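Colleague: A single structure is presented below for examination.
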Amino acid sequence: MLSFENTEIAFKSRSNKDLLKAYYLFKLIGNNSLVFIGEKLSTFAIQLGLPVGWAVKPTIFSHFVGGESIEECQNNVRVLEKFQVHAILDYSVEGKETIEDINLAMEETLKTIYNATKDENIPYAVFKPTAFTKEIVLEKVSAKLELTIDEKKEADNFRERVGKLCQTAFDNNVPILIDAEDSWFQNFIDEVVYENMEKFNKDTAIVFNTYQMYRWDRLGKLEEAYNTAVKKGYYLGAKFVRGAYMEKERARAEEKGYKDPIQPDKDSTDRDYNAALKFCIEHIDRISIFNGTHNEYSSQYMCELMEEHKIPKDDPRCWFSQLIGMSDHISFNLAHEGYNVAKYVPFGPVKSVLPYLIRRTEENTSIAGQTSRELSLIMKERNRRKNK
Ligand SMILES: Cc1cc2nc3c(=O)[nH]c(=O)nc-3n(C[C@H](O)[C@H](O)[C@H](O)COP(=O)(O)OP(=O)(O)OC[C@H]3O[C@@H](n4cnc5c(N)ncnc54)[C@H](O)[C@@H]3O)c2cc1C
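The sequence shown begins at 861 in our numbering and counts up by one.
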């Protein structure tokens, strides 16, 4: 089984100074109360219009984010390239709904597609569907509620915007990943994504939907999507994640009194995640897989499945991905072995990527083992370098 223990490979791109900085950062975000206070203070400071950039940019931002613009991400993209790790630039501005913000998100996402056509180290484009309309519209269409005239128009605009992004991706031959967010938006997003798959995935997978395997219904939905793709004669693009919004999902389900969409426990999420990978590898003639995880076993398991099915390590239908600033031991060791690996590199103005940063700190604080794993790997590498 492929091992991710080699910290020399894992941290080759990081200087001693970088490692020390990462060590203090993970120590800090491993502390629940400090993270809680930090989150509250920064959100409050932003509401008051106070500058937070000076504190955030050189620390947590520079670790988890590529920069404020596509140009600022260049340095990260080039460093990753040296180690055969690819990059996916992700405009990570969230929670904005004005037409100006939507237009800006459109402009920036289109730029990432054009940028990817010029840069061999950028294999995909990506976007968050909530950046392209008002949440109320996604929610109401998903729940099949009646829309006002304006909302109907806005739903059409959303369809058009996503269509334009997929068309541009298709025209430029850049596969595009569509992130998954809250479950109450997903029915409408699925509908629009599959319409675009049908249109643009006739020869190969250009449009990818995201399956959050912490939802108990997603394995069934994946199989359904595969059957539809076969019937209609197109290729399925499938990105897998476990899912980032568990607490919020459970709380809303309880508050509104509907069945919790999340699996009963972690084992069930893991079981469905790995079953989805197996299903896709067994149907690789029709599916392209994007395995977005920091879970070592799910990464190793896909390698094993590929070997079992005699799929070359660099088969263009099989990709692994982690977020920048996390799980370098998985990314760099996989790339070293010859697998296709890409880091998600978020970018955007400091203030606007704060929700993304807060999710990363929460993920690293709340997931048992994640921070201590990062810390122990960093410590192992620092010791190795000291004793060399
Ligand atoms: C490249 C990439 C792209 C991403 N894109 C998206 C995206 O589009 N949408 C999105 O939502 N997230 C996205 N994420 C974030 C992702 O969902 C989290 O990083 C992920 O949940 C962490 O899980 P893991 O697979 O790394 O493994 P692990 O650390 O093994 O699993 C942790 C996850 O398991 C699940 N879990 C934990 N406890 C329980 C429980 N009691 N019951 C049920 N399930 C449980 C949760 O999903 C939790 O986050 C992305 C991550 C990466 C690496």
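We put the beta carbon where it would ideally sit given N, CA and C, even for glycine. Here the structure is a predicted model, which is why all the values come from computation and not from measurement.
Enumerate in chain order the residues of its own chain whose CB-to-CB distance from A882 is below 6 Å, with the five nearest sequence positions on each side excluded.
Modeller: Your numbering for residue 882 matches position 22 in the sequence shown. Contacts found: I1238.
Colleague: Measure from the alpha carbon of Q1046 to the alpha carbon of each residue in N1069, P1035 and D1031, then state which is nearest.
Modeller: As a first step, residue 1046 must be located in the sequence shown, where it is residue number 186. Nearest C-alpha to Q1046: N1069.
Colleague: Just to check my reading of the structure: L1025 and F987 have Cβ atoms closer than 8 Å, yes? What is that Cβ distance to the nearest angstrom?
Modeller: Position 165 of the sequence shown, counted from the first residue, corresponds to residue 1025. Position 127 of the sequence shown, counted from the first residue, corresponds to residue 987. The pair is a contact, with the Cβ atoms about 6 Å apart (cut-off 8 Å).
Colleague: Please confirm whether V1205 and V937 have their CB atoms less than 8 Å apart.
Modeller: As a working mapping, residue 1205 is identified with position 345 in the sequence shown. As a working mapping, residue 937 is identified with position 77 in the sequence shown. A contact, by the Cβ cut-off of 8 Å.
Colleague: Give, in chain order, every unbroken run of the alpha helix (DSSP H) that is at least 4 residues long and sits entirely within the segment 976-1006.
Modeller: 995-1002
Colleague: Tell me whether R1112 sits in a helix, a strand or coil according to DSSP, three-state version.
Modeller: Within the sequence shown, residue 1112 is the residue found at index 252, counting from 1. In this structure, R1112 counts as helix in the three-state DSSP scheme.
Colleague: Is it buried or exposed, M861, if we count other Cβ atoms within 10 angstroms and call 16 or more buried?
Modeller: Here the question's residue 861 lines up with position 1 in the sequence shown. M861 should be labelled exposed.
Colleague: Could you check which residue in I1144, T919, T993 and K978 has the C-alpha nearest to that of D878?
Modeller: Here residue 878 refers to the residue found at position 18 of the sequence shown. Nearest option by C-alpha distance: T919.
Colleague: What residue from R1102, I1038, I1141 and E1041 has the CA that sits closest to Y1086's CA?
Modeller: For the purposes of this step, residue 1086 is taken as the residue at position 226 of the sequence shown. Checking every option, the nearest Cα to that of Y1086 belongs to I1141.
Colleague: Quick check: the Cα distance between L964 and S873, rounded to an integer number of angstroms?
Modeller: Your numbering for residue 964 matches position 104 in the sequence shown. Your numbering for residue 873 matches position 13 in the sequence shown. In this structure, the CA atom of L964 is about 33 Å from the CA atom of S873.
Colleague: If we cut at 8 Å on Cβ distances, does D1120 have a partner in chain C?
Modeller: Although the question refers to chain C, the structure presented lacks it and comprises just one protein chain.
Colleague: Put S875 into one of helix, strand or coil per three-state DSSP.
Modeller: Counting from 1 along the sequence shown, the entry for residue 875 is found at position 15. S875: coil per DSSP, three-state reduction.
Colleague: Between G1103 and ligand 3, is there a pair consisting of the residue's CB and a ligand heavy atom that are separated by less than 7 Å?
Modeller: Of the ligands one can find in the structure shown, namely ligand 1, none is ligand 3.
Colleague: Measuring alpha carbon to alpha carbon, tell me which residue in T958, A1136, R1021 and F1030 is nearest Q1072.
Modeller: Here residue 1072 corresponds to residue number 212 of the sequence shown, with the count starting at 1. Checking every option, the nearest Cα to that of Q1072 belongs to A1136.
Colleague: Please list the terminal residues of the continuous beta strand (DSSP E) segment that includes H1189.
Modeller: Taking the sequence shown and counting its residues from 1, one reaches residue 1189 at position 329. Boundaries around H1189 are those of the alpha helix (DSSP H), D1188 to H1196, since no beta strand (DSSP E) includes it.
Colleague: Tell me the rounded alpha-carbon separation between E1241 and E868.
Modeller: By 1-based counting over the sequence shown, the position of residue 1241 is 381. By 1-based counting over the sequence shown, the position of residue 868 is 8. Rounded to the nearest angstrom, the two C-alpha atoms are 6 Å apart.
Colleague: Just the Cα atoms here: how many angstroms apart are G1117 and A1111?
Modeller: The residue given as residue 1117 occupies position 257 in the sequence shown. The residue given as residue 1111 occupies position 251 in the sequence shown. Rounded to the nearest angstrom, the two C-alpha atoms are 10 Å apart.
Colleague: Decide if G955 is buried, meaning its Cβ has at least 16 other Cβ atoms within 10 Å, or exposed.
Modeller: On the sequence shown, position 95 is the one that residue 955 refers to. Exposed is the call here.
Colleague: Quick one: what's D1031 bridged to in DSSP?
Modeller: For the purposes of this step, residue 1031 is taken as the residue at position 171 of the sequence shown. According to DSSP, D1031 bridges with nothing at all.
Colleague: Alpha carbon to alpha carbon, how far is H923 from I1144? Give it in angstroms, no decimals.
Modeller: What you label residue 1144 is simply residue 284 of the sequence shown in a count that begins at 1. What you label residue 923 is simply residue 63 of the sequence shown in a count that begins at 1. Taking the straight line from one Cα to the other gives about 35 Å.
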